Amino acid sequence: MKITVFGIGYVGLVQAAVLADAGHHVYCVDIDERKVENLNNNIIPIYEPGLTPLIEHNRNEGRLHFTTDASEAISHGEFQFIAVGTPPDEDGSADLQYVLAVAETIATHMSEPKIIINKSTVPVGTADIVKAHVSKILAKRNETLSFHVVSNPEFLKEGAAISDCAKPDRIVIGTDSDEVADKLKELYAPFNRNHNRIILMDLRSAELTKYAANCMLATKISFMNEMANLAEQLDADIEAVRQGIGSDTRIGYHFIYPGCGYGGSCFPKDVRALIRTGESIGYNSHILKSVEAVNNRQKGLLYDKIEQHFALHHSQQASQASVDELPLSGKTFALWGLSFKPNTDDMRDAPSRVLMEALWDAGAHIQAFDPEAMNECQRIYGQRNDLTLMGTKEATLRNADALIIVTEWKQFWTPDFDLIKSELSTPTLFDGRNLYNPAQMKERGFNYYSIGRASYTHDSTEENTFIPAHSITASEARHNA
């Protein structure tokens with residue numbers, strides 16, 4: 002079947018490649034000439050496992066094309082996919098300007114009936130807006146061409162997007178036309194052979210399904226982080242709690258890992274957008290607001306632990322002349338993990354950004370490593386005297402005052418702890434993803450801090466000092482002051 006995809010960002014590029022690999026003929030359109038030129042030379046703008054060879058293979062087979070010529074691409078496809086960004090406005094609501102710009106381009110150039118498929122994450126009611134916009138442009142052209150608008154949201158996980166697209170859990174199709182539904186079934190037939198994954202519904206329900214799915218997952222993460230914070234106050238072990246509740250099949254183990262907060266291009270944006278959608282109809286989304294508030298607080302948790310640790314040691318060791326200095330001023334920190342999750346280079350709303358910026362404000366220097374997000378970090382922050390991007394995770398350790406783990410890349414799971422201890426100026430580790438066993442870290446002689454579990458510190462006055470989980474945090478101390 003002949004398909005046109007507008008927008009060759011994360012969603013559009015993966016969807017186009019997978020559809021082409023299934024045998025469809027796909028044209029991808031983007032206004033960024035440099036991006037199109039790079040893709041035609043097999044230079045891929047994002048990191049996603051398996052995507053580069055998939056694009057190269059289908060380009061070589063003649064099923065996948067990249068162009069800036071919208072007219073040519075619209076003429077090619079019966080199916081017109083809209084997969085452009087919907088960035089948040091200042092109030093958090095989704096900005097539809099790019100979606101409507103594509104709709105206008107399609108309406109301007111179409112010369113035969115089209116099926117317009119919205120893949121972008123959009124507020125409920127957007128299909129009606131797109132339909133009205135296309136009808137308006139066609140009326141200006143004195144054209145009476147038929148068209149249909151379909152809501153077909155994506156459910157891709159960065160780092161596993163190709164698998165999610167090729168072997169989807171579900172294919173949600175929102176349409177008011179049985180004929181269009183049958184055509185979409187034919188389009189997705191290669192991905193629907195094992196068992197029926199297609200769920201048909203009305204347009205507005207399909208639009209809400211996407212937001213509801215992401216907000217539910219974000220809720221699970223924030224709930225678990227709330228439990229982790231309670232566990233710290235109650236001297237309980239959140240990892241034991243996680244296993245205890247995860248064994249309940251009604252809850253399951255997915256998305257109940259405590260940590261230093263969620264990020265990325267979807268969860269933060271979609272939670273905010275659904276809150277604003279509720280407000281636009283006079284509904285107060287109490288749970289979603291709490292989910293967002295817990296996550297924002299969680300992103301500052303690692304900094305609180307770092308500041309508390311060094312403030313304690315600073316007050317013990319500082320002379321009267323330096324007692325008023327910031328405890329983190331002049332400190333160097335090794336940081337492992339910049340992307341918001343493993344297997345991606347995406348740093349949008351990443352916890353690492355909140356942490357680094359707080360450390361810089363406190364006068365600290367960062368030596369960072371990430372397997373894939375180094376270029377993205379360089380793009381975001383440019384050249385800074387207080388940031389050094391290192392070639393290996395081991396190189397970050399040299400003369401650092403502590404190691405901080407923000408992203409749970411697999412290569413961080415089983416490091417050389419003897420090397421870490423020998424390279425750091427003090428054996429101090431802040432684990433934002435609970436990768437290591439606290440008891441074993443204690444035996445190795447580390448000052449070890451994690452999320453929702455007891456922490457241990459070793460100093461010159463006591464060989465083993467237990468830090469109770471309910472110790473006051475640095476942010477609370479600042480608030481009380």
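Position 477 (the sequence shown) corresponds to 478 in my numbering; numbering is contiguous.
Each residue gets a CB set at the ideal place from its N, CA and C atoms; glycine is no exception.
Remember, predicted model here, so these are calculated numbers, not experimental data.
The C-alpha of I45 is placed about 6 Å away from the C-alpha of T53. According to the DSSP secondary-structure assignment, G175 is paired through a beta bridge with S152, M202. Shortest Cα-Cα distance from M217 to any of Y189, D238, I252, K184 involves I252.
If you ignore the 5 residues before and after G78, its C-beta comes within less than 7 Å of the C-beta of K3, I4, T5, Y28, all in its own chain and listed in chain order. As summarised for the stretch 378 to 424, the continuous beta strand (DSSP E) elements at least 3 residues long and confined to that stretch are 388 to 390, 403 to 406, given in chain order.
Boundaries of the alpha helix (DSSP H) harbouring T109: 98 to 110, taken from the DSSP string.
Fewer than three beta-carbon pairs drawn from the stretch 159 to 166 and the stretch 116 to 130 are found closer than 8 Å, and the two stretches are therefore not classed as touching.
Taking every protein chain shown into account, the CB of N344 has 16 or more other CB atoms within 10 angstroms, so this residue is buried. A Cβ-Cβ distance of about 5 Å is found for the pair I367 and F334, placing them in contact under the 8 Å criterion.
One alpha carbon belongs to N400, the other to T278, and they sit about 49 Å apart. Boundaries of the alpha helix (DSSP H) around I138: 127 to 141.
Excluding residues up to 5 positions away in sequence, C29, V37, L40, N41 lie with their Cβ nearer than 6 Å to the Cβ of F67 in the same chain. Your pair I239 and A229 checks out as a contact, with CB atoms roughly 4 Å apart and the cut at 8 Å.
Contact between K306 and Y450 holds, since their C-beta atoms are separated by about 5 Å, short of 8 Å. Where Y189 is concerned, there is no enclosing alpha helix (DSSP H), because DSSP gives it neither an H nor an E.
In the structure shown, V85 adopts coil according to DSSP, grouped into three states.
When the beta-carbon positions are compared, N215 and D249 stay at least 8 Å from each other.
In this structure, N438 lies away from I452, with their beta-carbon atoms at least 8 Å apart. As computed with DSSP, Q368 is found in a beta bridge with A335, T389. Fewer than three beta-carbon pairs drawn from the stretch 382 to 392 and the stretch 404 to 418 are found closer than 8 Å, and the two stretches are therefore not classed as touching. Nearest Cα to E113 within the set W361, I56, S147, D346: S147.
The shortest CA-to-CA distance from L339 to any of D350, G86, K332 is the one to D350. Taking 8 Å as the cut-off, the Cβ atoms of F156 and I118 do not count as close. Between T429 and the set H314, R273, L231, the nearest pair of CA atoms involves H314. Within the same chain, A23, G24 come within 8 Å of P191 by CB-CB distance, once the 5 residues on both sides are set aside. In this structure, A365 lies near K332, with their beta-carbon atoms less than 8 Å apart. Per DSSP, I246 is one residue of the alpha helix (DSSP H) stretching across 239 to 247. Remark: C-beta atoms of G446 and I406 do not approach each other more closely than 8 Å. For Y28, the enclosing beta strand (DSSP E) begins and ends at 26 to 30. DSSP places K3 in the uninterrupted beta strand (DSSP E) bounded by 3 to 7. Just so you know, the alpha carbons of Q309 and L420 end up roughly 25 Å apart. Counted as a single uninterrupted DSSP element, the beta strand (DSSP E) harbouring K115 occupies residues 115 to 119. The C-alpha of V85 is placed about 7 Å away from the C-alpha of F7.
Residue state for Y263 is assigned as coil, using DSSP reduced to three classes. Only residues of its own chain outside the window of five on either side were considered, and among them I239, R243, F256, I257, Y258, P259 have a CB closer than 8 Å to the CB of M225, listed in chain order.
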